[in-house]
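Here the protein sequences line up with chains A and B, keeping their order.
Taking our numbering, the leading residue of the first sequence gets 1, the next gets one more, and so forth.
Taking our numbering, the leading residue of the second sequence gets 1001, the next gets one more, and so forth.
A virtual CB, placed ideally from N, CA and C, is assigned to each residue, including glycine.
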Amino acid sequence: MAFRHKNTRRIEGLDSNVWVEFTKVAADPSIVNLGQGLPDISPPSYVKEELAKAAAVDRLNQYTRGFGHPSLVKALSQVYERVCGRKIDPLTDILVTVGAYGSLFSTIQALIEEGDEVIIIEPFYDCYEPMVKMAGAKPVFIPLRYKNDGNSTSSADWVLDPAELANKFNSKTKAIILNTPNNPIGKVFTREELQVIADLCIKHDTLCISDEVYEWMVYKGNKHIKIATLPGMWERTITIGSAGKTYSVTGWKLGWSIGPQNLIKHLQVVHQNTLYTCPTPLQEALAQAFWIDYKRMDDPDCYFYSLSRELESKRDRMAQLLQEAGLKPVIPDGGYFMIVDVSTLNVDLSDVDEKQPYDYKFVKWMIKSKKLSAIPLSAFCGPETKRQFEKYIRFCFIKFGCASKSDLPKSSRFHFSRGLQSW
Amino acid sequence: MLRRAGQSLHHFLLGRKSSAGYSSYSSEAKMSRPVQARRLEGTDKNIWVEFVKLAATYSKVNLGQGFPDFPPPDFLKEAFVRALSGENHMLHQYTRAFGHPPLVNILAQFFGKLLGRDLDPMTNVMVTVGAYQALFCCFQAFIEEGDEVIIIEPFFDCYEPMTKMAGGTPVFVPLRPKAPKDGKLMSSADWQLDPAELASKFSERTKAIVLNSPNNPLGKVFSRGELELIADLCVKHDVLCISDEVYEWLVYDGKEHIRIASLQGMWDRTVIIGSAGKTFSATGWKVGWTVGPNRLLQHLRNVHQNSVYHCATIAQEAVAQGFQRELELYGKADSYFVQLPKELQQKRDWLVQSLDAVGMKPIVPEGTYFLVADISKFKSDVPDVPDSDEPYDSRFAKWMVKNKGLAAIPLSAFYSGAHKNNYNHFIRFCFAKEEATLKAANDILQKWKREKTSP
């Protein structure tokens, strides 16, 4: 039978990704999975209670407003008005999407097309590249480079070279994707660094897609700054957020895009032609959770701040264990990932698949022999920089605690430290 | 190059500005090009945005947008609460991207049974954010510039913009009404494809045909003969079939929903789309699925992993439990899939009577929870406006919700732009409503009839 039904060009070559490879391998329950970024801590109880309450209301089990459930977009506008210091219209300046992932997709489909170039800062959350390609555009990479000579101990040591960045902009540059706090390094871009990016965006009339899903996970001494609040930037920036990261409910898959009406309206068109509306009870529950925390945004008990404090101690504990094992972690200023240079261990990887980058081979070896999994950093960079990043692997530390002493032997922290000790 | 510059100039002359303002350093190309991508062209209009707002503002009785005003069944709501509050708090975190294992497992079992096939849950099933996203994945995976997609009118309105967004060309073919037998009400079965006309729509550019059975808005349930007609053409022209079967359980009068994928030569070229929202009266959960051969589903997985990646976990867990129950009760009186159509058939009959009594001529649907009625006899209240851009039924529906508080959707919403005036004296009602709602609708209609000063 003649069968000419192959896939369209837009998805050619976009079928493989690092997750498909590694989540399968790490699904083995005997392996301590510190790779994929999902919490193994419970979401706060009031978040679960609000969902139960929402599901009990009949009409909340049926369709809601396509661009975002009214009570949710209202709550988001209040929270972000406070954070940004400007008026945000809940109906025209916000789109609720299926996770921040859905926001990235809607933004790129709405505003990027063939002939466009999009600047992506390496290392980057891996979906940016295939999404830009699926939109027919060309990704242009620029790496963060560490400024100290060899010895990077903090995510702040990784910086963009302003001249190198300026060179990447040209008349075809439609957008730059910014991720702060950054996944995987955990870098929190400073105001000065953001200003360099902003100046270039304004000079070249470029859009900014700002992925800020880890916005609340910022550690002592650092401040999350929204590039959209810099002069001249609101009108050209889409800021993306995530309920999954904010409330430790990655499985709710709710995110949002916030920006000026004349950009958001195009994201809304994409949304109405892709999935139309997001689940109702989850949106209602999220709205109620936001009200609870909005009211205590001046209070240190607000979940946005308490989660960050909890994560900071997990960060420090993981860093300590790594250092005691003779490894050099890069201490992140934000986010819940930590990268580590593993080349210093000089592990013999000769019998692992030759054709892969060093870090891929290392992680596979580590899974097999140490029952620990992580994600190779070269998964987060473009083709040119694999050599630069392949000596690093990424660990996730949001899954790094345990509720009680009796839980300790089962906890990932315990197995992690045991696994490290045998090195 | 010249054509693109011309297009830019066209947009510039239309006064469309780059959102971010002008800068003396920007190139001419960016200045004159609109900020949004060209794939959005012709896809921005959406009937629901307008009509949902009107219903929210004016309606006392909303029979417009298609969702039940009764709750999902208790067993499903209980499953949801168990999932969110149970010991396993990992149900609040990411699950498998292509479908939560308990759900794809039960779907493979259930649909395997219905199709008489062994289905692999990992490769023959994929979960999506509602059937809507399943449709999107199909268009993105298989349709691009140069491809034609056959769409049967009247159609669920998203098929057209999805085709266009994928760069494809929609080719429309209408269901045509045959006059019913004397004295009988028209049935959705009386709306049929002309076989020669359908055959003429297939060309070497035809990539896919979208089939929706039971059909929204008419409620038509395609017969085996009609499906075979379509299947033969698909096989002859090597065309894909996107089979939207979200209303598969809502079939009345003992009719059978036949799955086109079960016909000769069709499994390999069909993607079947289903919906928990319609199956379990929980449209707000947005859980849908695709079933089909791996060589087609692999490309849907590709689109899915590059667009939404994961679907929400808890609702998937609950829907899995719902299907487990239905598998055990399959065919029995207690099965929700037996009870729901029974209840809806009664409501259908009720609404048919209501409409017929006041002079709106209902087309009795064989399936779905929609009913289309001919409103030509009500023209006295809403006179024709010659040279109006807006189709008559749209004006009528707006007038009706504003003046009578009864919301319905104009049938022209389900036709392509060129054909909106071909069937412009029909409106669509949704009858998946509590008795009280249908009674209130009846009261409005009765009062309206009494108040009419002329026939």
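- prompt: Name the chain B residues whose beta carbon is nearer than 8 Å to that of I112/A?
  reply: A1037
- prompt: How should S1024/B be labelled, buried or exposed, when 16 other C-beta atoms within 10 angstroms of its C-beta is the threshold for buried?
  reply: Because S1024/B sits at a pLDDT of 39, beneath the cut-off of 50, its placement in the model cannot be relied upon, and the following sentence gives the value as read from the coordinates. Its Cβ having fewer than 16 others within 10 Å, S1024/B is exposed.
query: In this structure, does DSSP put I1444/B in helix, strand or coil?
result: helix
query: For the segment 1105-1188 of chain B, which segments carrying the alpha helix (DSSP H) assignment without a break, of at least 4 residues, lie completely within its bounds, in sequence order?
result: 1130-1142, 1159-1165
Same chain, Cβ closer than 6 Å to I209/A, five either side skipped, listed in chain order: T107, A175, I177, I238
query: Taking Cβ positions, are H415/A and V32/A nearer each other than 7 Å?
result: yes
Spatial neighbours of F1370/B in its chain, beta-carbon cut-off 8 Å, leaving aside the 5 residues before and after: G1066, N1216, P1217, L1218, G1219, R1428, F1429, C1430, F1431
- request: Tell me, please, whether the CB atom of N183/A is closer than 7 Å to any CB atom in chain B?
  value: no
- prompt: Candidates D333/A, D211/A, M338/A: which alpha carbon is nearest A319/A's?
  reply: M338/A
- prompt: Given R1004/B, which residues of its chain have a CB within under 8 Å of its CB, disregarding the five upstream and five downstream residues?
  reply: In this prediction, R1004/B has a pLDDT of 37, which is less than 50 and means its spatial position is unreliable; what the coordinates show is noted afterwards. Answer for R1004/B: no residue qualifies.
task: Mind checking the segment 1072-1090 of chain B against chain A and listing, in chain order, the residues whose C-beta falls within less than 8 Å of any C-beta there?
output: P1072, K1077, F1080, V1081, L1084, S1085, H1089, M1090
query: Do we get a CB-CB distance below 7 Å when we pair S1307/B with the residues of chain A?
result: yes
Sheet register partners of N262/A (DSSP bridge): N262/A pairs with nothing; no bridge assigned.
Three or more C-beta pairs below 8 Å linking the segment 1307-1319 of chain B and the segment 1394-1403 of chain B: no
Separation of V1338/B from K1332/B, as counted between CA atoms: 7 Å
- request: Would you kindly check if the distance between the Cβ of P184/A and the Cβ of R394/A is under 7 Å?
  value: yes
task: Can you check DSSP and say which residues form a bridge with G334/A?
output: V218/A
message: Please tell me whether N33/A has its Cβ less than 7 Å away from any Cβ of chain B.
response: no
query: In terms of residue numbering, what span does the alpha helix (DSSP H) encompassing W365/A cover?
result: 358-370
query: In whole angstroms, what is the alpha-carbon distance linking G382/A and I119/A?
result: 11 Å
query: Any C-beta of chain B sitting closer than 7 Å to the C-beta of A52/A?
result: yes
message: Please identify the residue among P1071/B, L1115/B, M1126/B whose C-alpha is closest to the C-alpha of H1304/B.
response: M1126/B
- prompt: Excluding sequence positions up to five away, which residues of its chain have a Cβ less than 7 Å from the Cβ of G186/A?
  reply: S155, P332, D333, G334, G335, F337, M338
task: Would you mind telling me which residues of chain B sit closer than 7 Å to V98/A, beta carbon to beta carbon, in chain order?
output: V1129, V1308
query: Are the segment 246-266 of chain A and the segment 89-97 of chain A in contact at 8 Å, needing three or more beta carbon pairs?
result: yes
- prompt: For the beta strand (DSSP E) that F395/A lies in, which residues bound it at each end?
  reply: 392-396
- request: Quick one: which residues of the segment 1154-1173 of chain B get their C-beta closer than 7 Å to a C-beta of chain A? List them in chain order.
  value: C1158, P1161, M1162, M1165
- prompt: Taking just the CA atoms, how far does W291/A sit from W1285/B?
  reply: 22 Å
message: For a test of the three-state rule: what should DSSP assign to P1073/B, helix, strand or coil?
response: coil
task: Please name the residue or residues paired with R145/A in a DSSP beta bridge.
output: V159/A
field: 3-residue-minimum beta strand (DSSP E) runs that sit fully inside the segment 1241-1296 of chain B, ordered along the chain
entry: 1270-1275, 1288-1291
- prompt: Excluding five sequence neighbours on each side, which residues of the same chain lie with their C-beta closer than 8 Å to the C-beta of P43/A?
  reply: Y247, S248, V249
task: State the DSSP-derived secondary structure class of T1206/B, mapped to helix, strand or coil.
output: strand
- prompt: Are V213/A and A285/A touching if we call contact CB-CB under 7 Å?
  reply: no
query: For M170/A, which residues from the same chain have a beta carbon less than 8 Å from its beta carbon, with the 5 sequence-adjacent residues on both sides left out?
result: The question names Met, but residue 170/A in the sequence shown is Asn. The residues are E117, H204.
Boundaries of the beta strand (DSSP E) in which T237/A is found, first to last residue: 237-242
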